[in-house]
Amino acid sequence: MNENRFGFGSIAMVALLATSMAGCGPEAPPAPMGLVCNAPQTVELPSSPSRALGWKGPGGPKKTFTTDLIGQNCAFLDGGPEDDVDHHNAVTMLDGYLVMPWAPEWGGGGISMFSFDDPCAPVEAGTGFSPLMRETHATGFYKKDGWQAVVNGVSGVQFWDLSNPQLPVVTSDLSINGVFWPDAYARVVLSVFWQAPYVYAAAADNGIFVIDAADPANPVLLTKYKFDPPLRAGGIFAVGNLLVVTAAEGSRTVLLDIGTDPARPEPIPGGTFEIEDGKGKKHEAYHAHVNGNMTLYATKTDGGGLIMYDISDPEAPKYVGDYIAPDGNGGYVFVKEGVAFVGQSHFAEAIDISDPTKPSLIQRFDLTGDLDTIIPIGNVVVLSVDDKADKDRGSAVAPFREAPDVAGPVVTMVHPRDGATAQPITSRIGLTFNEFVDLGSLWEGSFIVREVGTTNPIAGHYSGQEGIVNFWPASPLAPETTYEVVIPAGGVVDFNGNPTTTEFRSTFTTGPCAMPPAPTPYVEEEPE
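In our numbering, the protein residues as written are 108 to 635.
What follows is the structure, encoded as structure tokens:
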């Protein structure tokens, strides 16, 4: 490894700037080792929070349905000739197109993109194939010379260029020693999260790998984090300075700090817990989700269901509520507008969590096969099976609401938390919304981070997935300074182009001038 980066510039450059920049002012505390901090780079505040979306595709569903069609499959999705085993994964939307990853757990898959404004008559725009892509239920996105995506690879992680929806192509593969098939759960990468520039990869018994993907064509493995006691890392979610890691087919969750040193996660005191239902019984979960200061688990003990935990205080997570599906077997869970969508293997369910202490069933959905995934897109859902599908029917579209979605996204979580103090100058700012949002609508006008009392936003980079969005400042923040996070009305939009309707604000204050050491060159380990 020839270069160790921090943020979007090398550590060496940060150190050089530290010796040449002006100081933080006469009131600033002395910095260690001669480090001198300065205010971060800013850009001019745009005149409006909204801008032309410029989607290449037609956007989300615009079709109205009659009551009798709710819950009935109206279309099927297929990845083409190479999608021969019909193992489909979690869909999303990007640049006005539906994005459908498909791959079996042993590898050999691709990404297909569809026009989806008429969800019962989707039209394929393009498909790409890679023998080195494996089952992917978490896809991260970052815009660098066009849209880039990160997915699971057979021997590590894989990056795709989606800038041309008609021709999705692989950008690069990063192989990691110790990551391999055929053991589906012990050594493979099970999910990825791109908090650009870093990708956090949950690699089962290997632990976590941290990857610098500032250049997706040349990703650099930085560090490895091993859990003690061991944790089979399955789900991974970065929200600002918080990293949430959940066990694959296990009951443990670990909350980690990635604010002080993004390359070296550290456990948060009190942030490790076992999930239990309201009766105190421990449950295993297949996968999880993070939204609205909660972790949500698709459980698989004594059937399936949903358990929710409050993580608003990461040092004291607490049980919120649960829903039991005795005939289910939990797969994946996602959230839209107060509804949890849970794949239960034998069926899928939409569960009302507007009051998470009293979840209740709204609708069941069916599709032949191992129905682990259900994704809400506008007023429909996309059901996906990752085994035993009918031919060319690995995914199906079913109406969920009669009318097209006209409600804009709402912020449901911010990290650092509102009013937080002593935050590292290396902080990133993360939000969750009550639904998946269009990542192309994130920019300096719609997601503003700035010093309180100033106008211009800090320059930086935006990325996200699954209703979670992150801002990584292009340079470290100033120490002992209060910043505000502003999501103005009319800026961030959902997949149907509906904008936020009310302003969101929060503040946090940084601590002293301190920077983490540069990651040392990573040394590959021999497989255990």
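Just so it is clear, CB atoms sit at the ideal spot from N, CA and C, and this is done for glycine as well.
Report the partner residues of Y307 according to the DSSP bridge assignment. The partner list for Y307 (beta bridge, DSSP) reads F300, V317.
Ordered along the chain, which non-local residues of its own chain (more than five positions away) have a Cβ less than 7 Å from that of L328? For L328, where only same-chain residues beyond five positions count, the Cβ hits under 7 Å are L281, I283, F316, I318, Y629.
Using a 10 Å radius around the Cβ and a threshold of 16 neighbouring Cβ atoms, would you call W288 buried or exposed? When all chains shown are included, W288 counts as exposed.
Three or more C-beta pairs closer than 8 Å, one from the stretch 265–276 and one from the stretch 537–553: is that the case here? No contact exists between the stretch 265–276 and the stretch 537–553.
Taking its Cβ as the centre, do 16 or more other Cβ atoms sit within 10 Å of N325, making it buried, or is it exposed? By the C-beta density criterion, N325 is exposed, having fewer than 16 other C-beta atoms within 10 angstroms.
Using a Cβ distance threshold of 8 Å, determine whether the stretch 594–607 contacts the stretch 181–194, with at least three qualifying pairs required. Cβ pair count under 8 Å is below three, so no.
So is K443 buried or exposed if we call it buried at 16+ other beta carbons inside 10 Å? Only buried fits K443, as 16 or more other CB atoms lie within 10 angstroms of its CB.
Cβ-Cβ distance between P531 and G618 below 9 Å: A contact, by the Cβ cut-off of 9 Å.
Kindly indicate which residue of I414, L201, G410 has the alpha-carbon position closest to the one of A432. Of I414, L201, G410, the residue nearest in Cα terms is G410.
The stretch 301–314 / the stretch 340–358 touching (three or more Cβ pairs under 8 Å): Yes, the stretch 301–314 is in contact with the stretch 340–358.
Taking only the alpha-carbon atoms, compute the straight-line gap between D512 and N400 and give it to the nearest angstrom. Pairing D512 with N400, the inter-Cα distance amounts to about 24 Å.
Separation of A310 from E509, as counted between CA atoms: Take the alpha-carbon of E509 and the one of A310: they are about 40 Å apart.
Taking its Cβ as the centre, do 16 or more other Cβ atoms sit within 10 Å of P649, making it buried, or is it exposed? The structure shown does not extend to residue 649, since the chain is modelled only from 108 through 635, so no value can be given for it.
Buried or exposed for T607, please, with buried defined as at least 16 other CB atoms from any protein chain shown within 10 angstroms of its CB. T607 is buried by the Cβ-count criterion.
List the endpoints of the continuous beta strand (DSSP E) containing Q255. Per DSSP, Q255 belongs to the beta strand (DSSP E) from 254–260.
Is D477 helix, strand or coil by DSSP? It is coil, neither helix nor strand.
When the Cα atoms are used, what is the spatial distance from T589 to I565? In this structure, the straight-line span from the alpha carbon of T589 to that of I565 is close to 13 Å.
Look at the alpha carbon of T616 and the alpha carbon of D499, and state the distance between them as a whole number of angstroms. The straight-line gap from Cα to Cα measures roughly 53 Å.
Using only the alpha-carbon positions, how far apart do I575 and T199 sit? Whole-angstrom Cα-Cα distance: 13 Å.
G604 versus K169 - alpha carbon distance: Using only the alpha carbons, I get a separation of about 11 Å.
Is there contact between the stretch 490–499 and the stretch 519–533, where contact requires at least three CB pairs shorter than 8 Å? Taking 8 Å as the limit for Cβ pairs, the verdict is that the stretch 519–533 does not touch the stretch 490–499.
If you draw a straight line from the C-alpha of A308 to the C-alpha of L297, how long is it? Here the alpha carbons of L297 and A308 stand approximately 8 Å from one another.
Using 8 Å as the Cβ pair cut-off and three pairs as the minimum, do the stretch 250–270 and the stretch 170–178 touch? The way I'd put it, the stretch 250–270 doesn't touch the stretch 170–178; fewer than three beta-carbon pairs between them come closer than 8 Å.
Given a cut-off of 9 Å on the beta-carbon distance, is the pair E573 and F441 in contact? Yes, these two residues count as a Cβ contact at 9 Å.
Could you compute how far the alpha carbon of L362 sits from the alpha carbon of G377? Those two C-alpha atoms are separated by around 9 Å.
If we count the other Cβ atoms within 10 Å of its Cβ and call it buried at 16 or more, is V446 buried or exposed? Looking at its Cβ environment, which holds 16 or more other Cβ atoms inside 10 Å, V446 is buried.
When the Cα of K407 is compared with those of E383, P156, P165, R612, which residue comes out closest? Looking from the CA of K407, the closest CA among E383, P156, P165, R612 belongs to E383.
In or out: Q265 buried (at least 16 other Cβ within 10 Å) or exposed? Buried.
Here's a check: name, in chain order, each residue in its chain whose Cβ is nearer than 6 Å to the Cβ of E631, leaving out the five neighbours to either side. The beta carbon of E631 lies closer than 6 Å to those of N284 in the same chain, with the five residues before and after it left out.
Close beta carbons around S548, own chain, < 7 Å, minus the five adjacent residues each side: Answer for S548: L160, G598, V599, V600, listed in chain order.
Check the C-beta distance from V427 over to G437 and give it rounded, since I have them as a contact under 8 Å. Rounded, the Cβ-Cβ distance is 17 Å, inconsistent with contact.
Taking the C-alpha atoms as reference points, what is the distance between I375 and R535? C-alpha of I375 to C-alpha of R535: approximately 17 Å in a straight line.
Counterpart residues of H396 in DSSP-defined beta bridges: L403, per the DSSP bridge assignment.
Would W162 and D193 be called neighbours here (beta carbons separated by less than 9 Å)? Taking 9 Å as the Cβ cut-off, W162 and D193 do not qualify as a contacting pair.
Only counting the same chain, and skipping five residues up and downstream in sequence, which positions put a Cβ closer than 6 Å to that of P133? At P133, the pLDDT of 33 sits below 50, so the modelled position is not reliable and the matter cannot be decided from this model.
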